[in-house]
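Please read the structure below before turning to the comments.
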Amino acid sequence: MKKIYRKPHQIRAFFVMTKYFFLAQTRNPATFAFGFLFPVVFISIFGLIGNSQPPLAIGFPANSNFNNPIFQAIRQQPSIKTQIAPESQLENDIKKGTLSAIISVKQTRQAPPHFQVNVITSSANTQIAAIITTITNSIVAQENLRIAGITNPAITVHKQQLAGRQIRYIDFALPGQIGFALLSTAIFGTVFGLIYLKKALILKRMFATPTRAITILLAQGGSRLIMAILQTFIILILGIVAFKFYLPHGWITFVELVILSMIALIAFLGFGFFMAGLVNDENAAGPMVNLITLPQFLLSGTFFPITDLPTWLQPIANVLPLSFFNEAIRKITTEGGSFTQTFPLMLGLIIWGAAMYILAAKTFKWE
Amino acid sequence: MSDIISVKNLIKKYNDFTAVNNISFSVQPGEIFGILGPNGAGKTTTLEIMETLKSLTSGKVLIDGIDVAKRPWDVKRRIGVQLQLSAFYPELRLTELLDMFAAMYDVQIDPMEMLKEVELEDKAKSYVKQLSGGQQQRFSIASTLINKPKVIFLDEPTTGLDPQARIHLWEMVRKINKSGATIVLTTHYMDEAEQLCDRLAIMDHGEILKIGTPKTFIKDLLKTGFKKEIKQEQANLEDVFLHLTGRQLREG
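Heads up: the sequence lines are chains A and B, in that order. Counting the first sequence from 1 gives a position; the numbering used here is that position plus 873. Counting the second sequence from 1 gives a position; the numbering used here is that position plus 146.
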């Protein structure tokens, strides 16, 4: 009397396991810290850095002449912060780097009045020195024209502004934080999570059920995918609401970002599965995981652009998996590019991912 | 009646080490069958081969007439498995775990009913780590019942439990056995083997030394002229302990 058993539905098992694996993750403090807390704290810090751009600061010595058109004109410049203080204090400020220049005006003749403008800048920042010299020159030139009574000069400059966008640090840093969160979820979460499941015999208990091992692994991946989408959402919404993170095409860019995040997570999971399959205890996994993740956090343009790295290092940094992702999302955010421009970069990431899945399939040890 | 479990010439080797060396035995439907032996005797390996969790080197193992090496997935559907550790997700509640396992077996269950069966209904919202040792083992047993298995394997179910919890667990095992499931368990406790098991296989160094009922074992030994120093004791220390502390189950 053989009872006929139904063939177990791997699909039901997959969805129910995905749900519970996700639920378990939400109750795990490490997931919360790496996946949500760190990125949120970083973004908040970067958001604040991005908002405070140091203005040009010019000091006028207290003993200089203030009753002249030059002084008035400089004071009215919107991008310049002015202050009046004793000359010795101003010189100190220049040395400390808190002051960009000292400008003093000396009257050299009474009638008609002639003036001499002295500009002292810091040798430490030639760029700022050049800007201040240019501003001063242009103010002096305008005043000379006015005094000379020329209202219709032979050469005029026609200024036109294009609707450009100021790129703040947050606009650079936020995409990097999405990458950081995804890589953490995929690698830290998977490696330490799976090692724990192996050690505590939780996987073995599951293998005693008719659910296939591959279904269990897929559900692991699925649950982390949901987590990743949630992370991307939270990071983006925080960026948009609190720090006015710029989405060139609004919600379309938002959806594109979520799609790219999902692809990236699946690729990064390959690394997670590969490493989780290779080692069986946390002590061995720790250094290995750090070896894979730390260089990427530093070199892949998460916190600063790859172009800031030494030139010999850039070709290596450019082909790291996280670099492909970071660059792809910056293409559609900071650079305002089209979705198709991300394809070559995502292809690079997919190749990495595929290589890892193949390696994982060859080396994975369940016990 | 045909055997529910049949093990023939089973050998399991790890490289040079032979964990299970050519053992054969069979289990009848409805039996509580014990594998008794010291640590490292090969009990767990034998169990895990029957549970399809380990491959065999040679020999044949049939569960309900099905070859574990050829149709492991059909075997998994017919058995319930309890491992030595209570192996469950630490971040999931008892009802959630049962619900997940029901999906993994593709059966419909009422998690609360299952918990009631092992007297854990008031712990439904707890996590496994919040349970006492005996409660963990009972939950583990509940998880073996999800697919209404024909055979339930219990690996050292009472190791680490206090006397009250052990007695309680034995009663539970008997109850499940009465409702129709064949039970195979490993143990290294003589009293457990004697009181709970219908038949025993005594294992050491990967081999079965003897198979039979606890009573025939003792008779056979006595026939050889074995004599134990006779002490006139009407009770032992366990009786004293249980007399003093009662048989009431203790759990925080």
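We put the CB at the ideal spot given by N, CA and C, even for glycine.
From the options, residue whose alpha carbon lies closest to that of residue i
i, options, result
"Ser1173 of chain A", "A:Leu1186, A:Ile918, A:Ala1234", "A:Leu1186"
"Glu263 of chain B", "B:Glu197, B:Tyr251, B:Gln281, B:Ile313", "B:Gln281"
"Lys331 of chain B", "B:Lys324, B:Gln394, B:Leu342, B:Ser325", "According to the sequence provided, residue 331 of chain B is Leu. The question's Lys does not apply to it. For the residues B:Lys324, B:Gln394, B:Leu342, B:Ser325, the minimum Cα distance to Leu331 of chain B belongs to B:Leu342."
"Asn167 of chain B", "B:Glu375, B:Leu355, B:Asn382, B:Phe387", "B:Leu355"
"Gln989 of chain A", "A:Asn1010, A:Ala1002, A:Leu963", "A:Asn1010"
"Ala894 of chain A", "B:Ala165, B:Glu194, B:Glu242", "What sits at residue 894 of chain A in the sequence shown is Phe, not Ala. Checking every option, the nearest Cα to that of Phe894 of chain A belongs to B:Glu242."
"Val1131 of chain A", "A:Leu1098, A:Met1148, A:Leu1195", "A:Leu1098"
"Lys968 of chain A", "A:Ser996, A:Lys954, A:Lys979", "A:Ser996"
"Arg320 of chain B", "B:Pro309, B:Leu307, B:Ile298", "B:Ile298"
"Leu315 of chain B", "B:Leu346, B:Gly279, B:Arg345, B:Pro295", "B:Gly279"
"Ile884 of chain A", "B:Ser289, B:Tyr335, B:Tyr251", "B:Tyr251"
"Met196 of chain B", "B:Leu395, B:Thr164, B:Ile150, B:Asp366", "B:Ile150"
Per-residue burial, residue i [other beta carbons within 10 Å of its own, 16 or more giving buried]
i, result
"Gln950 of chain A", "exposed"
"Met1229 of chain A", "buried"
"Thr891 of chain A", "buried"
"His987 of chain A", "exposed"
"Ser1134 of chain A", "buried"
"Glu302 of chain B", "buried"
"Lys876 of chain A", "For Lys876 of chain A, the predicted model reports a pLDDT of 48, less than 50, meaning its position is unreliable; a value from the coordinates is still stated below. The residue in question, Lys876 of chain A, is exposed, as its Cβ has fewer than 16 Cβ neighbours within 10 Å."
"Pro1217 of chain A", "exposed"
"Gly257 of chain B", "It should be noted that the sequence gives Pro, not Gly, for residue 257 of chain B. Pro257 of chain B should be labelled buried."
"Pro1160 of chain A", "exposed"
"Pro1083 of chain A", "buried"
"Val227 of chain B", "buried"
"Pro902 of chain A", "exposed"
"Arg224 of chain B", "buried"
"Gly970 of chain A", "exposed"
Rounded separation between residue i and residue j - CA only
i, j, result
"Leu1167 of chain A", "Ala1234 of chain A", "25 Å"
"Leu1232 of chain A", "Phe1118 of chain A", "38 Å"
"Ile348 of chain B", "Ser172 of chain B", "14 Å"
"Gly1210 of chain A", "Pro1188 of chain A", "23 Å"
"Ile1023 of chain A", "Phe933 of chain A", "29 Å"
"Ser272 of chain B", "Ser286 of chain B", "14 Å"
"Thr1079 of chain A", "Arg239 of chain B", "Reading off the sequence, residue 1079 of chain A comes out as Met, not Thr. About 16 Å."
"Thr305 of chain B", "Thr333 of chain B", "8 Å"
"Arg948 of chain A", "Met1219 of chain A", "51 Å"
"Gly371 of chain B", "Asn185 of chain B", "29 Å"
"Phe911 of chain A", "Glu964 of chain A", "42 Å"
"Leu921 of chain A", "Pro1048 of chain A", "16 Å"
"Gly358 of chain B", "Leu300 of chain B", "19 Å"
"Phe234 of chain B", "Met1100 of chain A", "21 Å"
"Val207 of chain B", "Ala311 of chain B", "33 Å"
"Ala1014 of chain A", "Ala1021 of chain A", "10 Å"
"Leu1018 of chain A", "Pro1194 of chain A", "59 Å"
"Thr994 of chain A", "Leu972 of chain A", "9 Å"
"Thr192 of chain B", "Val386 of chain B", "36 Å"
"Lys369 of chain B", "Asp1154 of chain A", "52 Å"
"Pro295 of chain B", "Leu231 of chain B", "20 Å"
"Arg393 of chain B", "Phe1061 of chain A", "47 Å"
"Leu1109 of chain A", "Ala1081 of chain A", "41 Å"
"Thr328 of chain B", "Pro309 of chain B", "24 Å"
"Tyr878 of chain A", "Gly1112 of chain A", "At Tyr878 of chain A the pLDDT is 49, less than 50, meaning the model places this residue with poor confidence; the figure from the coordinates comes in the next sentence. Approximately 53 Å between the Cα atoms of the pair."
"Ile1107 of chain A", "Thr1215 of chain A", "22 Å"
"Val913 of chain A", "Ile1224 of chain A", "30 Å"
"Arg1203 of chain A", "Ser1196 of chain A", "10 Å"
"Val291 of chain B", "Met260 of chain B", "Residue identity check: residue 291 of chain B is Leu in the sequence provided, not Val. Approximately 8 Å between the Cα atoms of the pair."
Spatial neighbours of residue i in its chain, beta-carbon cut-off 6 Å, leaving aside the 5 residues before and after
i, result
"Phe1237 of chain A", "Gly1150"
"Gly1226 of chain A", "Ala1140, Gly1143"
"Phe915 of chain A", "Gln1050"
"Gly1145 of chain A", "Ala1059, Ile1060, Thr1063, Val1064"
"Ile169 of chain B", "Leu156, Ile354"
"Ile1322 of chain A", "For chain A, the structure presents residues 874 to 1240; residue 1322 of chain A sits outside this window and is missing."
"Glu194 of chain B", "Lys200"
"Val1152 of chain A", "Ala1158"
Spatial neighbours of residue i in its chain, beta-carbon cut-off 8 Å, leaving aside the 5 residues before and after
i, result
"Ile1075 of chain A", "Tyr1069"
"Pro1026 of chain A", "Leu1018"
Residues of its chain near residue i, where Cβ-Cβ distance is below 7 Å and the 5 sequence neighbours each way are ignored
i, result
"Ile1012 of chain A", "Ile943, Ala946, Ile947"
"Glu177 of chain B", "Thr328, Asp344, Arg345"
"Val1162 of chain A", "Ile1060, Phe1061, Val1064, Met1148"
Minimum Cβ-Cβ distance from residue i to chain D less than 9 Å
i, result
"Tyr235 of chain B", "The chain labelled as chain D is not found among the protein chains of the depicted structure, namely A and B."
Going along the region 243-259 of chain B in order, which residues come within less than 9 Å of chain A, judged by CB to CB distance? Within the region 243-259 of chain B, the residues whose Cβ lies closer than 9 Å to some Cβ of chain A are Leu243, Asp245, Met246, Phe247, Ala248, Ala249, Met250, Tyr251, Asp252, Val253, listed in chain order.
Using a Cβ cut-off of 9 Å, which residues of the region 886-920 of chain A contact any Cβ in chain B, in chain order? For the region 886-920 of chain A, which is checked against every Cβ of chain B, the residues closer than 9 Å are Ala886, Phe887, Phe888, Val889, Met890, Lys892, Tyr893, Phe894, Leu896, Ala897, Gln898, Thr899, Arg900, Asn901.
If contact means a Cβ-Cβ distance below 7 Å, which residues of the region 1069-1085 of chain A contact chain B? Contact annotation: in the region 1069-1085 of chain A, residues whose CB is within less than 7 Å of a CB in chain B are Ala1073, Leu1074, Ile1075, Lys1077, Arg1078, Met1079, Phe1080, Ala1081, Thr1082, Pro1083, Thr1084.
Any C-beta of chain A within less than 8 Å: which residues of the region 175-204 of chain B qualify? Residues of the region 175-204 of chain B whose Cβ lies closer than 8 Å to any Cβ of chain A, in chain order: Glu197, Thr198, Leu199.
Pull out every residue of the region 216-228 of chain B whose Cβ sits closer than 8 Å to any Cβ of chain A, in chain order. The region 216-228 of chain B vs chain A, Cβ under 8 Å: Trp219, Asp220, Lys222, Arg223, Arg224, Ile225, Val227.
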